[in-house]
Amino acid sequence: MRVMAQMAMVMNLDKCIGCHTCSVTCKQAWTNRAGTEYVWFNNVETRPGLGYPRGYEDQDTWQGGWVRKPNGRLELKAGGRWKKLFTIFSNPKMPSIQDYYEPWTYDYETLLNSPQTDTFPVARPKSLLSGKDMQVQWSANWDDDLGGSQEHAVRDEMLKGIEDKVKLEFEQTFMFYLPRICEHCLNPSCAASCPSGAIYKREEDGIVLVDQDRCRGWRMCVSGCPYKKVYFNHKTGKAEKCTFCYPRIEVGIPTVCAETCVGRLRYIGLMLYDADRVLEAAAVEDEHDLYEAQRSVFLDPRDPEVERAALAAGIAPDWIEAAKKSPVLRLINDYKVALPLHPEYRTMPMVWYIPPLSPVVDVIKETGHDAEDRGNLFAAIEALRIPVEYLANLFTAGDVEPVNDVLRKLAAMRSYMRDINLGRDTDESIPEAVGMTGEEMYEMFRLLAIAKYADRYVIPTAHAEQAHALEELATDCPVSSYDDNDMYFGEGSGPLTPVAVENFEMLRRRQTTDTVAAPPEKSRRVNLLNWDGRGTPEGLFPPKDGA
Amino acid sequence: MNTFLWVIVPYLCLAVFVVGHIWRYRYDKFGWTTRSSQLYEDRLLRLGSPLFHFGMLGAVGGHVVGLLLPQSWTDAVGISDAAYHWGAVLGGLAAGVMLVVGMAILIYRRRTVGPVFSATTPMDKVMYAVLGVVVLLGMWNTVLGASGLEHYNYREGVSVWYRSFLAFQPQPELMAEAPIGFKLHALSAFVLFALWPFTRLVHVFSAPVGYVTRPYIVYRSRDERPLGNAAPRRGWDRVGS
């Protein structure tokens with residue numbers, strides 16, 4: 012057993028309202044730069060829909076992820092190492108910018124500088140790539156809220172095989188939102204595809220990063236990632252990807268997308284796993300077993316034996332404590348309501364999802380039945396093969412049973428909590444019907460519905476003995492030598508001062524001097540409240556030359 | 098004059114080549130990339146880039162054989178002059194045609210596809226011009242040799258000079274006797290070598306041969322360097338800059 016820690020996320024899709032706040036704040040934080048205009052480390056897609064980049068889930072086309080060979084070993088779907096090197100001059104599976112979208116801006120100047128005219132001046136879209144006029148034809152969420160679904164959503168790869176059962180007519184359809192970030196996989200195919208070895212998985216927290224100094228722009232990671240979450244910065248010629256906001260995680264605060272999530276639907280915590288068993292689990296024969304196989308790789312930090320092994324593997328005690336309290340662990344392994352996104356890619360993704368019950372609830376509500384009645388809900392989950400089959404295509408490689416189980420648990424929770432909220436006696440047969448106790452069900456409700464910040468994000472800080480390597484602490488640099496006059500060539504020149512050091516120095520100055528709160532000439536100053544506005548009494552202005 | 102052209106200039110270019118690469122690698126690891134433009138355009142690149150690169154690999158291989166292997170070695174293993182000549186001419190023509198066609202496609206693409214053209218730096222243009230001259234002069238020599246219009250055994254002239262150059266015992270008089278086509282090809286190639294470290298050509302030296310043997314997943318410990326002290330880096334320019 013080789014215990015490793017992995018920072019993981021769970022998103023509760025029932026609570027996602029598709030507001031794109033996560034995408035926007037992420038973009039502001041990470042990809043608001045030239046070369047990454049088209050890049051969304053976090054994006055929210057409406058399902059059914061094509062997603063971003065368009066149709067990325069069609070691995071027959073894109074060849075991302077791993078496949079299991081007949082001999083039971085895993086191979087990159089796009090081919091082995093030699094094939095990668097042979098096709099290095101032109102990556103045959105690389106998505107073009109049109110598959111994402113051509114980034115654009117508007118020539119706002121024409122609005123601002125327009126002379127008075129009879130007609131309104133128009134700001135025309137200009138391509139950010141060529142600077143020329145362009146027709147805007149696609150974007151990262153072009154089919155948002157099923158917009159144009161007759162044309163786009165019908166091509167959703169996940170609808171293959173169930174087309175006849177899905178109604179995309181406006182009145183009869185269903186939809187939900189799927190926020191996506193990098194999965195920070197246990198078996199990342201992007202890292203395996205990188206010829207330069209620039210993509211690595213951090214030993215401490217499993218975050219997958221691109222070393223910008225080692226990346227040579229071969230683009231194999233872009234095509235290797237089945238989720239298409241590695242992007243090519245066309246200005247720098249280097250690959251970039253979601254960083255799980257590691258500078259924030261290191262100091263114990265959640266990622267930007269999680270922090271700003273309006274629906275509070277994201278949970279971040281540690282998972283301990285057995286690194287020796289990852290490949291074995293990723294290579295199980297039946298795709299339907301991948302979900303259970305991945306769950307079996309996770310270790311329970313509350314097991315004393317696991318704890319001992321974790322300590323022996325060099326995982327700090329406070330990290331093990333955090334792993335015990337991890338909300339992600341509870342959702343994945345205790346309540347078993349979270350499912351991985353596309354386990355069939357065999358990358359062992361580590362951002363999991365609680366599938367939405369709301370499409371089912373909505374259908375019952377529309378038929379006039381009680382949408383919180385357990386019997387109605389259970390019957391509806393059984394009867395409505397859609398969206399269950401669709402969800403299964405997303406989360407369990409098409410196996411409907413685990414999805415059914417999760418939806419039944421969520422439905423049971425609704426019914427069970429209604430009795431509590433109405434002050435009625437609880438019906439213990441409800442949790443029993445889904446294999447839970449009443450207490451467990453209540454705890455699950457607390458975690459899903461009203462968990463506070465500290466319950467949703469259990470993030471141990473990176474270690475003090477390694478603190479000198481952290482961005483925001485940066486104690487490695489000599490704090491004492493900080494000098495804000497150290498600007499030889501004007502403001503902002505000279506070496507960069509870490510924000511933490513600057514803050515620390517300013518705070519110290521404020522605390523150790525008394526000039527701001529009580530300047531020496533305070534007694535001679537004019538109280539403006541008493542000033543009648545006439546003349547300039549002595550002390551109205553500070554003395555010149557500091558005299 | 099001979100000393101200047103065939104001793105001083107080559108060594109100067111070699112020095113710039115070596116020191117330039119060390120400098121570039123130390124100070125600009127971030128800029129060390131292929132600067133691929135595949136994201137912008139795929140159809141032409143899919144054809145042109147492999148043609149160009151495989152042709153180039155062939156041409157480089159041919160130069161290694163032609164310049165570095167002494168004639169006495171091939172004689173020793175029983176390859177007749179005629180056999181060598183035809184092998185070199187046919188191989189050189191095949192690689193050269195791939196190279197020239199590929200390069201033509203790539204330059205056409207670079208000029209006509211809007212985003213690709215606007216991503217082209219002045220250094221790229223200089224590099225393309227010099228590389229184009231080197232390649233065309235090389236083709237010229239090959240074609241002349243193949244057509245029999247010119248009888249020059251470079252393996253007794255240019256090659257010997259080149260090896261003497263690498264051994265730091267230059268024999269410039271050998272180059273002085275070479276035809277003008279060979280002289281110009283060699284000189285322009287040296288200019289290209291001098292430009293090399295300052296262009297995207299550096300990506301040649303990061304050919305990922307290690308990929309074949311390394312494990313698939315790379316694990317690394319957290320960066321020990323205090324990131325807060327790093328100077329602001331390229332790639333963090335704001336949109337529109």
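For the protein sequence lines, the chains are A and B, in the order given. All letters in the first sequence, in the order written, are residues 12 to 558 by my numbering. All letters in the second sequence, in the order written, are residues 98 to 338 by my numbering. The C-beta atom is built at its ideal place from N, Cα and C for all residues, glycine as well.
- For chain B, the residues of the segment 247 to 261 of chain A that bring a beta carbon within less than 9 Å of one of its beta carbons are T247, G248, K249, E251, Y257, P258, E261, in chain order.
- Counting the other CB atoms within 10 Å of its CB gives D436 (chain A) a total below 16, which places it among the exposed residues.
- Along the segment 199 to 219 of chain B, going in chain order, the ones with a CB nearer than 8 Å to a CB of chain A are G211, P212, F214, S215, A216.
- In this structure, DSSP gives L350 (chain A) an extended state, which the three-state scheme calls strand.
- Within chain B, the C-beta atoms nearer than 8 Å to that of I108 (chain A) come from L136, Y137, P212, in chain order.
- Contact of P147 (chain B) with chain A by beta-carbon distance below 7 Å involves F100, S101.
- Taking a Cβ-Cβ threshold of 8 Å, the residues of chain A close to F127 (chain B) are Q223, D224, T247, K249, in chain order.
- DSSP, read as helix, strand or coil, puts Q17 (chain A) in strand.
- The three-state secondary structure of S261 (chain B), taken from DSSP, is helix.
- Take G263 (chain A), set aside five residues on each side of it, and the residues of its chain with a beta-carbon closer than 6 Å to its own are I470, T472, in chain order.
- If you draw a 10 Å sphere on the C-beta of Y401 (chain A), you find 16 or more other C-beta atoms in it, and that means buried.
- Looking only at B:P294, B:G245, B:F302, B:P312, the smallest Cα-Cα distance to A179 (chain B) is reached by B:G245.
- In the structure shown, N54 (chain A) falls within a strand segment according to DSSP collapsed to helix, strand and coil.
- Linking Y346 (chain A) to D416 (chain A) through their CA atoms gives a straight-line distance of about 11 Å.
- Between E56 (chain A) and E168 (chain A), the C-beta spacing is not below 8 Å.
- Distances from the CA of D118 (chain A) to each of A:V133, A:S107, A:W41 were compared; the closest alpha carbon is that of A:V133.
- Rounded to the nearest whole angstrom, the CA to CA distance from I343 (chain A) to V301 (chain B) is 46 Å.
- In terms of beta-carbon proximity, G142 (chain A) lines the interface with chain B, with at least one pair separated by less than 8 Å.
- The three-state reading of DSSP puts M361 (chain A) in coil, since its state is none of H, G, I, E or B.
- Its Cα nearest to that of D222 (chain A), the residue A:A202 stands out among A:C236, A:P237, A:A202, A:K240.
- Here the alpha carbon of V194 (chain B) sits roughly 27 Å from the alpha carbon of L136 (chain B).
- Leaving aside the five residues that flank G29 (chain A) on each side, the residues in its chain whose CB is nearer than 8 Å to its CB run, in chain order, V55, T57, D155, D156, Y188.
- C-alpha of I176 (chain B) to C-alpha of R260 (chain B): approximately 21 Å in a straight line.
- Contact note: I210 (chain A) reaches chain B through V315, using a C-beta cutoff of 8 Å and chain order.
- Restricting attention to A:T42, A:M186, A:D314, the CA atom closest to the CA of K26 (chain A) is found in A:M186.
- Among the residues facing chain B, F515 (chain A) is not included, as its CB has no counterpart in that chain under 8 Å away.
- L540 (chain A) and C272 (chain A) have their C-alpha atoms roughly 45 Å apart.
- In the three-state DSSP reduction, F243 (chain A) falls in the strand class (E or B).
- Chain A places a beta carbon closer than 8 Å to that of L142 (chain B), counting this residue as a contact.
- Non-local C-beta neighbours of M145 (chain A) in its own chain, meaning closer than 8 Å and more than five positions away in sequence, comprise E113, W115, P136, K137, S138, ordered along the chain.
- Listed along chain A are R227, each with a C-beta nearer than 7 Å to that of H300 (chain B).
- With respect to G217 (chain A), G307 (chain B) sits apart: the two C-beta atoms are not nearer than 8 Å.
- P294 (chain B) has a beta carbon lying at 8 Å or more from every beta carbon in chain A.
- Taking 8 Å as the cut-off, the Cβ atoms of L148 (chain B) and V106 (chain B) do not count as close.
- The beta carbon of G158 (chain B) does not come within 8 Å of any beta carbon belonging to chain A, so the residue lies off that interface.
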